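Participant: Before we start, here is the structure in question, set down as structure tokens.
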Amino acid sequence: MEKNMHTLFKALTPEKMLQLNVEEHARVLTELWRTRGGHVYVQGATGTGKSTVARILATQLKADWFGYELLSPEEFKAELDDILARLAASRKKILILDGFFPQYAGSAFRALLSELSDKGVSLFIFSQESLSSKGNALPHGGELPTDAFETIAEFRYGPGSRYPVTFHQVK
């Protein structure tokens, strides 16, 4: 008896399809990280499943998870020193930062990325913001070069696709 897979996907609720989606995104990110190592940057609009994927990865990879996804840009800027200190103090080899505004990263964050790399620590960053819209120049004097990351991915809403959110590997 041949199964019609299209019927299966039509029968799934949007919530179940999104759950399948985040599990697949976590699997792909894990595979990319295992192959490439280094730091990983994931960007995407609100509701694309970034935080869910971040939590799945934290559990699967036994990583330290730092959740700042509910902060406004101004709150993130005010908390940046504390965020940097918490990341630097972790003894885990994999760190996950959920909630990030690259325009406020500045030289201190660049230095932390370098320090983590020297220690063999990988940082996964999940953000609503892309690293930069024009080269590496960011507003507010911040700069976070894309070459600091081995993998850059984007979660996008995918009209007409099998899943509501699609995974795009940028780098």
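Every position in the sequence shown, counted from 1, becomes a number in the numbering used here once 174 is added.
Using N, Cα and C, we set each Cβ at its ideal position, and we do this for glycine too.
Source: prediction; values computed, not measured.
Have a look at Thr-220, Ala-232, Gly-212 and Asp-255 and flag the residue whose alpha-carbon is nearest the alpha-carbon of Arg-201.
Facilitator: Measuring from the Cα of Arg-201, the nearest candidate turns out to be Ala-232.
Participant: Below 9 Å between beta carbons: does that hold for Val-295 and Ile-270?
Facilitator: It is not a contact, given that the beta carbons lie outside the stated cut-off.
Participant: Less than 9 Å between the beta carbons of His-213 and Glu-324, yes or no?
Facilitator: A contact, by the Cβ cut-off of 9 Å.
Participant: Of all the alpha helix (DSSP H) runs that stay within the bounds of the stretch 260-313, which reach a length of 4 or more residues?
Facilitator: Runs found: 280-292.
Participant: Decide if Gln-343 is buried, meaning its Cβ has at least 16 other Cβ atoms within 10 Å, or exposed.
Facilitator: Burial call: exposed.
Participant: Whole angstroms are fine: how far does the CA of Leu-287 sit from the CA of Ile-341?
Facilitator: The residue you asked about is not Ile; residue 341 is Phe in the sequence shown. Distance between the alpha carbons of Phe-341 and Leu-287: 24 Å.
Participant: Let me know the secondary structure DSSP gives Val-344 once reduced to three states.
Facilitator: In this structure, Val-344 counts as coil in the three-state DSSP scheme.
Participant: Quick one, which of Glu-249, Ala-262 and Trp-207 has its alpha-carbon nearest Leu-235's?
Facilitator: Minimum Cα distance to Leu-235 is reached at Trp-207.
Participant: Give me the residue from Ala-262, Asn-195, Gly-241 and Ala-237 with the minimum Cα distance to Lys-293.
Facilitator: Of the candidates Ala-262, Asn-195, Gly-241 and Ala-237, the one whose C-alpha sits nearest the C-alpha of Lys-293 is Ala-262.
Participant: If you pair each beta-carbon of the stretch 248-262 with each one of the stretch 217-232, do three or more pairs fall below 8 Å?
Facilitator: These segments do not touch.
Participant: Let me know the secondary structure DSSP gives Thr-209 once reduced to three states.
Facilitator: Here Thr-209 sits in helix by DSSP.
Participant: Rounding to the nearest angstrom, what Cα-Cα distance links Phe-298 and Tyr-215 in this structure?
Facilitator: Roughly 6 Å separates the two Cα atoms.
Participant: Sorted by chain position, which residues of the same chain lie with C-beta nearer than 6 Å to Asp-238's C-beta, five sequence neighbours on each side aside?
Facilitator: Only Ser-264, Lys-266 and Leu-269 meet the Cβ criterion.
Participant: Determine which residues share a DSSP beta bridge with Val-409 and list them.
Facilitator: Because the chain in this structure spans residues 175 to 345, residue 409 falls outside the shown range and cannot be described.
Participant: Is the CB-CB distance between Arg-330 and Thr-204 below 9 Å?
Facilitator: No. Outside cutoff.
Participant: Looking at chain C, is there any beta carbon in it that lies within less than 9 Å of the beta carbon of Gly-280?
Facilitator: Of the protein chains in the structure, only one exists, and it is not chain C.
Participant: Can Val-339 and Gly-241 be called in contact, C-beta distance under 9 Å?
Facilitator: Cβ distance not < 9 Å, so Val-339 and Gly-241 don't count as in contact.
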